[in-house]
Every structure is written in C-alpha cells, then in structure tokens.
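Enquirer:
Numbering (this note's numbering), first residue to last: 1309 to 1951.
#1: Rank 1584, 1548, 1500, 1368 by C-alpha distance to the C-alpha of residue 1953 and give the top, closest one.
#2: Return the chain-ordered list of same chain residues with a C-beta closer than 8 Å to the C-beta of residue 1733, the five sequence neighbours on each side being excluded.
#3: If we call anything under 7 Å between Cβ atoms a contact, is residue 1498 one with residue 1360?
#4: Taking Cβ positions, are residue 1841 and residue 1806 nearer each other than 7 Å?
#5: Decide if residue 1838 is buried, meaning its Cβ has at least 16 other Cβ atoms within 10 Å, or exposed.
#6: Contact check, residue 1702 vs residue 1728 under 8 Å by CB: the rounded distance?
#7: How should residue 1507 be labelled, buried or exposed, when 16 other C-beta atoms within 10 angstroms of its C-beta is the threshold for buried?
#8: Thinking C-beta only, is residue 1827 closer than 7 Å to residue 1675?
#9: Assuming residue 1569 and residue 1851 make a contact with CB atoms under 8 Å, what is their CB distance in whole Å?
#10: How far does the alpha helix (DSSP H) with residue 1759 in it extend, from its first residue to its last?
#11: Taking buried to mean at least 16 other C-beta atoms within 10 Å of its own C-beta, is residue 1721 buried or exposed?
#12: Spell out whether any CB of chain D is found under 7 Å from the CB atom of residue 1923.
#13: Our contact map puts residue 1571 next to residue 1666 with C-beta atoms below 8 Å; I'd like the distance itself, whole angstroms only.
#14: Given a threshold of 16 other Cβ atoms within 10 Å of its Cβ, counted over all protein chains shown, does residue 1819 qualify as buried or as exposed?
#15: For residue 1697 and residue 1372, which I take to be in contact (beta-carbon distance under 8 Å), what is that distance rounded to the nearest angstrom?
#16: DSSP state of residue 1604, grouped into three classes?
#17: With C-beta atoms as the reference, is residue 1871 less than 7 Å away from residue 1763?
#18: Over the uninterrupted beta strand (DSSP E) stretch that includes residue 1628, give me the two end residues.
#19: In the structure shown, what three-state DSSP assignment does residue 1918 receive?
#20: Let me know the alpha helix (DSSP H) ranges lying completely inside the stretch 1785 to 1841, each 4 residues or longer, listed in chain order.
#21: Let me make sure I understand the geometry here. Which of 1823, 1527, 1775, 1620 has the alpha-carbon closest to that of residue 1439?
#22: So for residue 1647, helix, strand or coil by DSSP?
#23: Near residue 1582, which residues of its chain fall below 7 Å by C-beta distance, leaving aside the five closest residues on each side in sequence?
#24: For residue 1652, does the three-state DSSP call read helix, strand or coil?
#25: When the Cα atoms are used, what is the spatial distance from residue 1963 to residue 1822?
#26: Can you find at least 3 beta carbon pairs, one from the stretch 1555 to 1565 and one from the stretch 1590 to 1606, that sit closer than 8 Å?
#27: Three or more C-beta pairs under 8 Å: does that hold for the stretch 1707 to 1725 against the stretch 1425 to 1442?
#28: Spatial neighbours of residue 1932 within its chain, please: CB distance less than 7 Å, with the 5 preceding and 5 following residues excluded, ordered by chain position.
#29: Under 8 Å, with one C-beta from each stretch per pair, do the stretch 1471 to 1484 and the stretch 1402 to 1418 reach the 3-pair mark?
#30: Please say whether residue 1739 and residue 1777 have beta carbons closer to each other than 7 Å?
#31: What's the gap between the Cα of residue 1699 and the Cα of residue 1798?
#32: The alpha helix (DSSP H) that contains residue 1445, what's its start and end?
#33: If you check the beta carbons only, do residue 1530 and residue 1567 fall under 7 Å apart?
#34: Just to confirm the assignment, what range does the beta strand (DSSP E) spanning residue 1554 have?
#35: Determine the closest residue to residue 1759 out of 1861, 1905, 1857, with distance taken between C-alpha atoms.
#36: Just to confirm my understanding: we take residue 1748, look at its own chain, exclude 5 residues before and 5 after, and list those with CB closer than 7 Å. What are they?
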C-alpha cells in the first residue's frame, strides 16, 4: 500500500472482521455505486448534451469537502472506528499469510483494499484543508499524519509478508486475483528493496519528523511568504507576483523578478537547508534500500527503466536548439535582447486596446467547450467538478501555491486546486488540472490499489487536455491573436518538455555531489543547466540564479519532473495520432479505456494499445517531430500574417 494512502472499496466478509459494517461507513461507497456512476457516463455518450452558457458559470469556486467528512468531529469518530478495524485485520492475518488458502487470501486482499480507503479519506481531507489554509490547519494535518502512520503500521505487514512468500504460493495468489494481479506483481518485482517489518515501521514512525517535516516547512513558508507588490506597495503572494511575468509591460516583469528574487534571497538560508535535508534523505534511502542511483526509486515507482528514461532525456537534451531558435525569433519581435523575465512575455501583437487579462469564466468556458467537442464523458465530468465543490479556484492569503488535482478516494471524487490570477497560462492550467481530474474519476472503477497511476502516465490526460484547448482556440482565432496563442502554446510545451529536463539535470547534478552544498553551489548548477536550454537566445541574470529555491517538486517529489517530459512527448504522439485518425470515435474510446485502466496495467502495456513501444528510442522522436511541426506551423503563420 502506498504511503499516500490512496484507497478502494470491496464488500467482503473475512473471519474476525466485520467488513460489512466497515463498508457501510459514509466514506466507503459500494463498488456498485461507482460502477453505476461510470455506466451513466457511458450511456451519456449517446445522449444529446447541451453546452452550458458562459454566463451560467461561477466567477470563483471553493472546495466542498462534505463528500469526505462534514466536520472534524465526524473525522475523529471515523478515525477511531477505522483504527479498531485495522487492529482486527492485524490480529487476523499478521504472520499468517503463508498459511492461507487462495480463497482466504483473496478475501484478505479485498479487505486490505477497503481499509486503505479509510486511510485515504482521512489524509485527503486534512491535506486539502491544509492546502487551502496552511496557517489554520497545519496542526491538524500534522496530527493526522502521525495518527495515520501509526494506523498504517498495523497493516504494513501485508505487502511485506506477501513479498516473502515462496514462488509457488505467490504465483497461486496472483493467478487467483486477476483484478489485483498487476498490483501483486509489482510487490514481487520490488521486494529486493524492502526492509524488514520492524525497520519499515521505524522509518514510517520517524517520517513525520524527518523529510516530511521539511516538506511541510517548505509549504508553510511559501504560503506565508509575502513579496513587495509590483503596481503598489501592498504585499502579495507567490502566485500573484509570478503572474506578472506574463504581462505586456516589461518594467512590471522586471520589477516582479526583482521583488520575487529579493524574497528568495531573504529566505535563502532556510531554503538551502531544506533542500540539503532532502538530498540527505535521498542518499540515506538509496543506501538503506540498495538503489543503484539516487533517482532509481522514482523509476521503480514509475514502472519504467533507467534505460528508457535516459533515452528520453537524451532525446530532449539533443533538441535544445529548438528552444534557442524560437527565442531568437521572439527577441526580434520584441525588439530587444531577451532576459529571463522576458521568457513568458506576450508578443505584443494584440495590444490595440485589448487587455491581456483572462477572466475566470472565459477560461473555464473555453476548457469546457473543448472537452464538449471531444467527448461527452469528458465534458460531463468537468461540468460536475465545477458545480459540485471539486474546485478551489483563486489565491488566498495562506493558501498553498501552484495547482494540483488530488485523486482523493474512489468513493468520493477528485479535488482540483487552482490559483487563478488571470494570465494566459492560467487558462491552460484549468484544462491541465481538469484533465487530471477526468483521469482520476474514470480510473476509480479500479478500486484503491489500482487507482493511482505512475507518474509516467499520470500526466497524459492533463497534457492531452491542454492540447484539446489549444486545438479549439486555433479554430476560433486568426491573425495576430492566433500568433499569440501559438507562441503561448509553444512556450508551454517548452516549459513542460525542456524545462522539466533542465530540472531533472539539476537534480541529477546536486544529488550526485556529496556533503552539504552552499546556496551559491545550487545557484551555479541552476544557471549552468538553464543556459543549456536557452543558449545565447536568453540572458539569464544573476537574480535568476536563486530561482531553484521555489520549485516544490525538488522538496516533495525528488526526480518527479522528468515525468512531465515523458507525458508531453507521449501526448504529442497520441494527439498527432488522434488528429490523423479516420475513425476518431474509435480513438476516443481507446483513449477512455486507457485512462479508465488507472494503475491496473503497466505504462508500457497501456501505451502499446496505441501501437507505441516506449523501449524504442524512435518513440521519443515521434513526439519531438510534433514539436518541430508546431514550430513550422508557427513560422508559416508568422510569414502569412500582416503585422
């Protein structure tokens, strides 16, 4: 069971455990209800669904967590009841898996899935509370992290004991549990990296005061960090100040860069210390578990190979000149040498009285319309998210920065956190995160243990959703406005594809070094890696050297970033296949089946359904060729547009 406690729901009866009582809880919905929801979405494909009017959309949105718990009292009562059930499971099965018959093991596995549902519901609730208001709910989150770790320790034996079974017994259990076969096979494949039960329990118990504590410290620090305003002296948060990098006025962009950097420098000692602690944790984990490289654990979790990742990264590194060429053209348009704060500047083609700010209703409508034109199922899920409390849309004083879609638990629904500030990129962020939510909602039919997807395919739906929005915009815009959208999309792809590999290269460099690094060491490595992406097309200032220190992935999920590039190249290949397909309905159904599979199959097998082999180096070139085609379209449009 993954430590993030994502979960599932099966109604079974096992000796000494009243599982029917457990599964009747308000949090745990019967699988038949989930299946019914999915079937209603399937049948909706044949209905004529009307696209909602823009004026009917809300101007802002906030979470409604009642699907999980109505209040902290209900949470507390549920946690107490779940703790009893976890202990009963421990009493019934700890030390006994090897003596079970296949039928009894199947029942135990289903109950394990259901118990995981409860843990997932608890941690989802407190995490979302913390994400929206870290100051108020930091203590609640920390308290339940400790409680859930202690509760999880009671069932931790299950996967460890399964990994220790003899081959014959293990194969028998896998064969008799087709639904969970891939989950069980993964346990078998990773058993050499497991420690003893006692050692695993010790690591679990100290995690909240170890690297997890530094992760929380990072989040709370940035949630409470305030930067000098750009248009006035009022203090603003991370999301607001970074939003100014997308405005027309170069003076405002430069001032935003200056004020943001000043805040990073002020907190440089703390942020340097946190990253060093993460480096130390990765090094200790590598040594304890016997990983070949600091990044090896991520590839195992992503169900991919070092060779496949290296091949993809080599492909991206070899095509950095595409970025150089684009930004040289952009510099000609803007009429000056580009600096780092100019990277996301609009081309300045649509100024004539037109504001560059995007309103939330407009951005939301554009995304819904693009989903509507692709698939009724996509549209209905996204619409439900809008009107049923799945989304928290705008920045707040102590709200976490960035955006995410939390898969929650199969008996509930995903939750999408945004920080909408009105820049062009925010529109695509809505599409991106709702794409995640659609993926998570579709895959919940797989149950808890198969709900989550590895990072290598987790970004597929999100990036594909961005491409749907971009494709929709291409059909409604022309001339200068279309050029602006093309430029924005190209820059988004550069951020998702090339920038994420820059970040991965940065992580590889810092984790290969021994001992603590100084802030200046991080600065130099950061600049060196970024210069490879931009060449001489963009001048990276000394201020930009500190911008490694606000990247949350380095803290929360080391070596996460390459998955964005993986997903981007995969999606570009898939989207190209979709556009060229003569039978689009067949493609859409195959794609929906792909997403609905969740983590029940390997990424390699899922991608093979489209005829792509991720182990072939040529596969990555397919996606890269789509980038080249997009740049060619931009060049042709540029030459044919009167400026």
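All residues carry an ideal CB built from backbone N, CA and C; glycine is no exception. Please read all numbers here as calculations on a predicted model, not as lab measurements.
Expert: The relevant details are as follows:
#1: In the structure as shown, the chain starts at 1309 and stops at 1951, and residue 1953 therefore has no counterpart that could be examined.
#2: Same-chain partners within the cutoff: 1554, 1652, 1796, 1800.
#3: no
#4: Yes, the pair counts as a contact, with Cβ atoms nearer than the cut-off.
#5: buried
#6: 5 Å
#7: With fewer than 16 Cβ atoms within 10 Å of its Cβ, residue 1507 is classed as exposed.
#8: no
#9: 4 Å
#10: It is not in any alpha helix (DSSP H) - residue 1759 carries neither H nor E in the DSSP assignment.
#11: buried
#12: No chain D appears in the structure shown, which is made up of a single protein chain.
#13: Contact doesn't hold; Cβ gap of about 26 Å is too wide.
#14: buried
#15: 3 Å between Cβ atoms; contact.
#16: The DSSP-derived three-state label of residue 1604 is helix.
#17: yes
#18: Counting along the chain, residue 1628 falls outside any beta strand (DSSP E), and DSSP gives it neither H nor E.
#19: coil
#20: 1787 to 1802, 1808 to 1820
#21: 1527
#22: strand
#23: Excluding sequence neighbours, residue 1582 sits near 1522, 1525, 1526, 1863.
#24: In the three-state reduction of the DSSP assignment, residue 1652 falls in the coil class, being assigned neither a helical nor a strand state.
#25: Missing from the structure shown is residue 1963; the chain here goes from 1309 to 1951 and no further.
#26: no
#27: yes
#28: 1623, 1627, 1877
#29: yes
#30: yes
#31: Distance between the alpha carbons of residue 1699 and residue 1798 is about 27 Å.
#32: Element bounds for residue 1445: 1442 to 1460.
#33: No. Outside cutoff.
#34: Looking at the DSSP string, residue 1554 is not in any beta strand (DSSP E), and its letter there is neither H nor E.
#35: 1905
#36: 1713, 1715, 1722
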